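Colleague: Quick note: the first sequence uses this note's numbering, first residue 407, plus one each step.
Note that beta-carbon positions come from the ideal geometry of N, C-alpha and C, so glycine has one too.
As the structure is a prediction and not an experimental result, all values here were calculated from the model.
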Amino acid sequence: MAIKRYNPNFVEKKWQSIWEQSGIFQTKNDDSRRKYYVLEMFPYPSGRIHMGHVRNYSMGDVVARFKRACGFNVLHPMGWDAFGLPAENAALRNKLHPKEWTYRNISIMREQLKSLGFSLDWSREFATCDVDYYHHQQLLFLDMYEKGLIFRKKSKVNWDPVEQTVLANEQVIDGCGWRSGAQVERRELTQWFFRISDYSEDLLRGLDRLDQWPDKVRLMQRNWIGKSDGLFVRWQLADTGLSVTFREIEVYTTRPDTIFGAAFIAIAVDHPLAKELARKDKVIEDFIEECNRGGISAIILEKSEPKGVKSGLFVIHPFNESWRLPVYIANFVLMEYGSGAIFGCPAHNQYDLDFSNKYGLPVNPVVLPTGASPSDFLIRNTAYVKDGFLVNSFFLNGLTVKEACSEVRNRLENKIVEGRPQARRSIQFRLRDWSISRQRYWGCPIPIIFCKHCGVVPVPKSDLPVILPDDVTFDRPGNPLFFHEEWKGVQCPNCGDSACRETDTMDTFVDSSWYYARFVAPFENLKDVSIDHWLPIDQYIGGVEHAILHLLYARFFMRAMKKTGYTSLEEPFKGLLTQGMVMHETYRTSDGLWVSPLEISIQERNGNRCARLLSNGDIVEIRPVEKMSKSKRNVVDSSRILASYGADTIRWFMLSDSPPERDIIWSESGIEGAHRFVQRIWRLVIRAADVLRGPLSGSKTGAADDLAKLSHRTLKAVTDDIEKFAFNRVIAHLYNFVSTLSHFFHNEKLCDQEMRGVVRESLDFLIAMIAPIMPHLAEECNEILGGEQLIASSPWPVFDIALTIDDTMRMPVQINGKKCGDLVISRNADKSKIERAVLSLDFLISRLNGRIPKRIIIVPQRIINVVL
RNA sequence: GCGGACGUGGCGAAAUCGGUAUACGCAAAGCACUUAAAAUGCUUCGGUCAAUAACCUUGCGGGUUCAAGUCCCGCCGUCCGCACCA
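1) So which of 948, 558, 1059 and 922 has the shortest CA-CA distance to residue 939?
2) Go ahead and pull the three-state DSSP assignment for residue 1215.
3) Would you kindly report the start and end of the unbroken alpha helix (DSSP H) that includes residue 492?
4) So, does the stretch 751-769 touch the stretch 859-875, judging by three or more C-beta pairs under 8 angstroms?
5) Pair every Cβ in the stretch 1112-1122 with every Cβ in the stretch 1137-1149, then say whether three or more of these pairs are closer than 8 angstroms.
6) Could you check which residue in 658, 643, 646 and 650 has the C-alpha nearest to that of residue 1287?
7) Check whether the stretch 712-719 touches the stretch 623-638, counting contact only when three or more Cβ pairs, one atom from each stretch, lie closer than 8 angstroms.
8) Per DSSP, which one or two residues make a beta bridge with residue 731?
9) Whose C-alpha, out of 1254, 1025 and 989, is nearest the C-alpha of residue 458?
10) Please report the residue range of the beta strand (DSSP E) in which residue 476 lies.
11) Between the alpha carbons of residue 509 and residue 554, how many angstroms are there, rounded?
12) Nearest to residue 1030 by alpha carbon, out of 1040, 1023 and 1024?
13) Ends of the alpha helix (DSSP H) at residue 857?
14) I need the straight-line Cα distance from residue 905 to residue 523, nearest angstrom please.
15) Tell me which same chain residues have a C-beta within less than 7 angstroms of the C-beta of residue 652, skipping the five on either side of it?
16) So residue 559 and residue 599 are in contact, right, with Cβ under 8 angstroms, and what is the actual spacing, rounded?
17) Quick test of the definition: if touching needs 3 or more C-beta pairs under 8 angstroms, does the stretch 991-1006 touch the stretch 416-423?
18) Based on the DSSP secondary-structure assignment, which residues constitute the bridge partners of residue 483?
19) Please list, in chain order, all residues of the same chain as residue 433 whose beta carbon is under 7 angstroms from its beta carbon, the five residues on each side excluded.
20) Taking all protein chains shown into account, do 16 or more other C-beta atoms lie within 10 angstroms of the C-beta of residue 493, making it buried, or fewer, making it exposed?
21) How do the stretch 1212-1226 and the stretch 1089-1097 stand: do at least 3 beta-carbon pairs fall below 8 angstroms, yes or no?
22) How close, in whole Å, do the beta carbons of residue 828 and residue 640 come, if the pair is a contact with beta carbons under 8 angstroms?
23) Taking just the CA atoms, how far does residue 1240 sit from residue 1118?
24) Among all the DSSP beta bridges, which residues are the ones paired with residue 989?
25) Taking only the alpha-carbon atoms, compute the straight-line gap between residue 1165 and residue 1218 and give it to the nearest angstrom.
26) Going by alpha carbons, who is nearest to residue 535 out of 543, 488, 551 and 571?
27) Could you check whether the stretch 732-747 touches the stretch 678-697, counting it as contact only if at least three pairs of C-beta atoms, one from each stretch, sit closer than 8 angstroms?
28) Pull the bridge partners of residue 429 from the DSSP assignment, please.
29) Would you grab the beta carbon distance between residue 749 and residue 855 for me? Rounded to a whole angstrom, and I think it's under 8 angstroms.
30) Put residue 1263 into one of helix, strand or coil per three-state DSSP.
31) Using the C-alpha atoms, what's the distance from residue 984 back to residue 619?
32) Should residue 959 and residue 925 be called a contact, given that it needs their Cβ atoms to be closer than 9 angstroms?
33) Beta-carbon within less than 6 angstroms of residue 469's beta-carbon, same chain only, minus the 5 sequence neighbours each way: which residues are those?
34) Could you round the C-beta distance between residue 532 and residue 928 to whole angstroms and report it? I think they count as a contact, below 8 angstroms.
35) For my contact list, residue 1274 and residue 1260 are in at a C-beta cut-off of 8 angstroms; report their separation, rounded to the angstrom.
36) Please confirm if the stretch 837-852 is in contact with the stretch 876-892, defined as three or more CB-CB distances below 8 angstroms between the two stretches.
Here you go:
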């Protein structure tokens, strides 16, 4: 009888509708089983599900299905990170309202996800642009505002004068706006901030407890928070005849030991003193203006060389009244860090050295590496930044860097200048407060009203939500909300006079900072829900590209939600798996347009690859492999592959070769193999069902015992590896298992009742083990074999540990560390028994040739090494 | 520049605590079945070699060890994060 081919398109639809009707993936909050919350980072509804999504959600689904089988009450929801710039860009391009564009994409992508068979609780779905979602976000905002976690301040932004909008650093290309091409200005704007820096220390400490996070991510966050221990030191201004309101300059340093190597003081261009000087001095004014040109990123990216101007001021050295140092205004000093002023020590800081070399300032080494002699230790173009001993530093001479730091600190903390200590210790963080104001339409409105009498007035909670108006136009540059007079104009809730709404919306990172808490009970009032029942998330899965910002913001938000009484927890994500990116080559025409891989064909000639457009045969430039993104058009959509192979094959293939953390370059080679395997399992089960129904006769053979052992061993290995997220190894075990099972059916006549029991168990194990990855095939196979319960709601099988261990084992025998043969011996044999057995091995006797081995190393249950 | 990760067949990769290097898959080649193809099954597949013997082999050079892909030192290369953080 010819076996029909397995038809995934038909079978997958069938099981998807059975799952949906049975509601087994809808999670109840009142369930006595232990909870398990698994979440994959929710997608931005860009249009279609691509292979990166498939990889991410396949991993999450394996975990969800596995944990469900292990008896947990699993929460596995899905939503949409739906606010953001691309919707507005699409609106401009296609004359389609951002809302319409977004919801249309969501419905397409929802269907795509459903056809991939993910075990998601769709009853909890929401989009961040749903009014209900951002209503709660506005409530959260007001609660945080009450608790002092939100404030306004002036801050430097990239301003595009043509678009009349603020640009992110990534949108500034060579100092010009990415769309308008106009030169970007550095402007000061009053912006809303979250006080994340209040939690710098806490966010840093919390990392130590996140032991189920990758070390790499914890390190990245640690560096991002950037804690340093230093000293504020006040330097008194010397009398130069120049009249300024300042009497001193306070600098921040982490290297007070180098104070005798100081050559200059430098202050930031935004330093109040610099601004004061600029009012009187044209040269300084011009310099500051030059630094402000080209946006904030330009000044950072212009790493080429430090620049500065003399202020005309001098300071007095704290340890020597007669020592004067010049004060510069310099582009490389940041106002946002420390006090916006530094003392420069050229010998021991590379930037200070470059600056000194440029402006002819002295370079005096004060730290000497151990063993170096002062006469031949010269600093020219490379600063010495490592540890050593102090020289040329009076009372510090001979001390180590660490000792010298505390000596300087002690002395200056105890030296009173104008009624205050000259120095104070201070811990500084690199982490800055989180600016959330965006001059955009498609985001969550900030629930604030500006009144000319009452100032900043929060919208009363009873007046929420502040709904984003639909009737906006995109016919001119700038934020459409700003031009929407009707929406903007309100009565002040305080005094009743006419007032104005805040027209900025929130950064979309705010939306994704707490969505995981909303899934807990998406249609109830957040305040009334015990989010602590489900949180923290047991396993969070998403791309490494979110290792810093998203994860840090979410950690901050959890703390903010604790302070505002929503939770008692601080950390939202207990376990974290950062999955690698799915990459693809990019292709660009000679006109600089990006082309999709579907629009080209690639030929290989003499080892050179050449890409041509399918439409007209034009040569296309093959550009580097990059993360799949819409802008580079190298996205591979899942639906075409889904149509040809089915969901199970894609899921299996996405997880089969590489470990989850690794980046992969998308290639379809191999997907045929994955599909062959699907067909192979199908044939195996069809044949098995047939054989198991046949007449009984004959008796059990030893092969059955071997099969039982292999089944239990495989089950153990697969269970262990799923728990470690080693999906590629899970798949390798299953390939081996299926291959052995096939041989078994080929060679054995399954006529004995007991043997059939073993076979049946093996098949049940197999179906259970493939189910997390290939759930549809598992259900179909189970049905063929007469299983009555859905695999999706069946328990994970239990292996017998005794069957996973053999009584005898094969130990490799080495001579001088090289393998020469094996010794088959009982597993529990002791060293002396093993030694006797080894010495009687034929190949060893002939190699020894009468000699006596120097040593025999026996590692029980592992290896034997005979040293000659 | 600083911090981190990595380097194993033609390719994706495996090797858990220092203990049989190359599991599993892809690609390739051969055979069987077939009128033929597809599908399927079987076999081979790191290198040198006539060889199933022997030797070599985890980027390169050293070292520690009975034993090194794994640990240490020094190079070379690739990737990622931060980028004037005083």
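Modeller: Quick answer:
1) 922
2) Residue 1215 carries a strand assignment under DSSP once its states are collapsed to helix, strand and coil.
3) 491-500
4) no
5) yes
6) Nothing can be reported for residue 1287, as the shown portion of the chain is limited to 407 through 1274.
7) no
8) 721
9) 989
10) Segment: none, residue 476 is in no beta strand (DSSP E) and carries neither H nor E.
11) 35 angstroms
12) 1040
13) Where residue 857 is concerned, there is no enclosing alpha helix (DSSP H), although the beta strand (DSSP E) it sits in stretches over 854-857.
14) 51 angstroms
15) 643 and 679
16) 6 angstroms
17) no
18) 527, per the DSSP bridge assignment.
19) 479, 480, 481 and 527
20) Residue 493 should be labelled buried.
21) By the C-beta criterion, the stretch 1212-1226 is judged not to be in contact with the stretch 1089-1097, since fewer than 3 inter-stretch pairs fall below 8 angstroms.
22) 5 angstroms
23) 28 angstroms
24) 1033 and 1071
25) 32 angstroms
26) If we check each option's Cα against that of residue 535, 488 comes out closest.
27) yes
28) Answer is none; residue 429 lacks a bridge partner.
29) The pair is not a contact, with the Cβ atoms about 46 angstroms apart (cut-off 8 angstroms).
30) strand
31) 9 angstroms
32) no
33) 444 and 945
34) The Cβ separation is near 5 angstroms, so the contact holds.
35) 6 angstroms
36) yes
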